[in-house]
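Number of protein chains: 2
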Amino acid sequence: MAALGSATVSAGKGERTAARIREVALDQFSRLGFERVTMSGIAEAAGLSQATLHYHFQDKDQLWRSAMLGLGAVIAEEERMLDAAQDASPLAQLRIAMRFFLRISWKHPALGRVVALEGMAGGERLAWLDEHVLGHRNRRLAALARAAIEAGVLKPFPPEMIVITLQAGAAGVINLAPLMRGTFGFDPDTAEGRAAHESLVLDALLSGFVKN
Amino acid sequence: MAALGSATVSAGKGERTAARIREVALDQFSRLGFERVTMSGIAEAAGLSQATLHYHFQDKDQLWRSAMLGLGAVIAEEERMLDAAQDASPLAQLRIAMRFFLRISWKHPALGRVVALEGMAGGERLAWLDEHVLGHRNRRLAALARAAIEAGVLKPFPPEMIVITLQAGAAGVINLAPLMRGTFGFDPDTAEGRAAHESLVLDALLSGFVKN
DNA sequence: ATCTTTTTTGATTATAAAATCAACAAAACT
DNA sequence: AGTTTTGTTGATTTTATAATCAAAAAAGAT
Numbered sequence: 000m001a002a003l004g005s006a007t008v009s010a011g012k013g014e015r016t017a018a019r020i021r022e023v024a025l026d027q028f029s030r031l032g033f034e035r036v037t038m039s040g041i042a043e044a045a046g047l048s049q050a051t052l053h054y055h056f057q058d059k060d061q062l063w064r065s066a067m068l069g070l071g072a073v074i075a076e077e078e079r080m081l082d083a084a085q086d087a088s089p090l091a092q093l094r095i096a097m098r099f100f101l102r103i104s105w106k107h108p109a110l111g112r113v114v115a116l117e118g119m120a121g122g123e124r125l126a127w128l129d130e131h132v133l134g135h136r137n138r139r140l141a142a143l144a145r146a147a148i149e150a151g152v153l154k155p156f157p158p159e160m161i162v163i164t165l166q167a168g169a170a171g172v173i174n175l176a177p178l179m180r181g182t183f184g185f186d187p188d189t190a191e192g193r194a195a196h197e198s199l200v201l202d203a204l205l206s207g208f209v210k211n
Numbered sequence: 000m001a002a003l004g005s006a007t008v009s010a011g012k013g014e015r016t017a018a019r020i021r022e023v024a025l026d027q028f029s030r031l032g033f034e035r036v037t038m039s040g041i042a043e044a045a046g047l048s049q050a051t052l053h054y055h056f057q058d059k060d061q062l063w064r065s066a067m068l069g070l071g072a073v074i075a076e077e078e079r080m081l082d083a084a085q086d087a088s089p090l091a092q093l094r095i096a097m098r099f100f101l102r103i104s105w106k107h108p109a110l111g112r113v114v115a116l117e118g119m120a121g122g123e124r125l126a127w128l129d130e131h132v133l134g135h136r137n138r139r140l141a142a143l144a145r146a147a148i149e150a151g152v153l154k155p156f157p158p159e160m161i162v163i164t165l166q167a168g169a170a171g172v173i174n175l176a177p178l179m180r181g182t183f184g185f186d187p188d189t190a191e192g193r194a195a196h197e198s199l200v201l202d203a204l205l206s207g208f209v210k211n
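Protein chains in written order, with numbering that gives the first Met the number 0: chain E, 0 to 211; chain Z, 0 to 211.
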């Protein structure tokens, strides 16, 4: 049986390979969606036999959940950031959240991809993600948007729509990098590209919602 | 053999069922992605046997292509709109394009979903979509954005990023309706929701990119 | 060094879905 | 009405992949 939850410094061999599997799995699941991904595909990319995956994870579903919890850790980090900024104005907090979202989205592009993929499909996996990874944070951002509207600093659109539009807009360039490369011959994932993108998101996308 | 391309008024029985199959297929493919969809699932939703699908379409790939060409027709319509507005300023044309994009996205939500799904995954299907459905139009919009920047009316970000951000932002609320319902208990797909969304896209999202 | 436990694997089984096909039914044509 | 063409189907085959398992290899304990 695999040792679960031993988050100690010297992770045994088992935990190290499990982590590698999770990493590969997250990448593939987020790009392709659950059913496009095969256990043997993950195994190959991780340099393991497919049977090994079933030693560490009971089945494909469990592996998916386990991989998604990696994103949960990233989100939790963002939430701690927001906790630390609770004294700032709602708009300032939103700005901080967006900047952080960009940072983690470039570092963990799986985040936005998973949201897009499962958020469109609906179903059980989305419900699970909502409960274990995304829901709390999204509702928190919506509350910030609502507060900013009530304070008269954001244009009065439904806060849920604002939050989704901001995130979908910001993640678009990251998620759709393959499309951009193909259609425009333009690769946004470079140092300059990321810098331009950050400025675009903060100084055009977000600022469009701010009242003059 | 099925009669192909007989786009006459009185479509024979064959063409009518083929059209129904394409319709169901487009909906499912766009929500779930290629591999999540099964031939028998489409057959069931269309009230047909799965063998009938193979009578009308050689294989699953062909059915996918055929369904996607339905989106091609929608895009072509948009392009004719733009042709008719060629005398307007680049920014006015972008505005027209966005308004039209909203209209067709609510009417054919498959469009944005397919872009998101395949645009993230990359690969052969994306290349096919780029060539047969999306590429020309996206490059045209990017050219408009570039012209608007050169005319000094849009903020100077990479036009490819602007175009993708506008579309991803506008499509977000539509694509992610299932997520919004689950997370916020908020359904954007109502008469008021759509109206608020149109205003949000034109008066906040797009206007954020316009120079003051 | 030997023994025990953990980890990995090749081979196999089970299962779900795509594709094929021969037979049947409906429409169109004369 | 009879004939041909088009459209539809149930049953079958093929194929891809998830899941299992017994045996081997590696790691760790004594």
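We put the CB at the ideal spot given by N, CA and C, even for glycine.
In the structure shown, V209(Z) adopts extended strand secondary structure according to DSSP, grouped into three states. Contact note: R112(E) reaches chain Z through M119, using a C-beta cutoff of 8 angstroms and chain order. Residue environment: T164(Z) is assigned as buried (16 or more neighbouring CB atoms within 10 Å of its CB, all protein chains considered).
With a beta-carbon spacing of about 21 angstroms, G69(Z) and L140(Z) fall beyond the 8 angstroms limit used to define contacts.
DSSP places V162(E) inside the alpha helix (DSSP H), whose first and last residues are 158-174.
By the beta-carbon neighbour count (other beta carbons within 10 angstroms, threshold 16), P108(Z) is buried.
Using beta-carbon distances, P157(E) counts as an interface residue toward chain Z, with a partner under 8 angstroms.
Annotation: Cβ neighbours of R138(E) in chain Z (cutoff 9 angstroms, chain order): T182, F183. Against A170(E), the close residues of chain Z are A167, in the order they occur along the chain (beta-carbon pairs closer than 8 angstroms). Listed as beta-bridge partners of L153(Z) by DSSP are V209(Z). Taking C-alpha positions only, Q57(E) is separated from V113(E) by approximately 22 angstroms. Close CB contacts of K12(Z) within its chain, under the 6 angstroms cut and outside five residues either way in sequence, are absent. A direct Cα-to-Cα measurement between L31(Z) and V73(E) gives close to 26 angstroms. Against chain Z, the CB of R35(E) has a partner CB under 8 angstroms away; the residue lies at that interface. The beta-carbon separation of M160(E) and H196(Z), rounded to 6 angstroms, stays under the 8 angstroms limit for a contact. Neighbours of F208(E) in chain Z, taken as residues whose beta carbon is under 9 angstroms from its own, are L199, A203, L204, G207 in chain order. In this structure V152(E) is in contact with L90(E), their Cβ atoms being roughly 5 angstroms apart against a cut-off of 8 angstroms.
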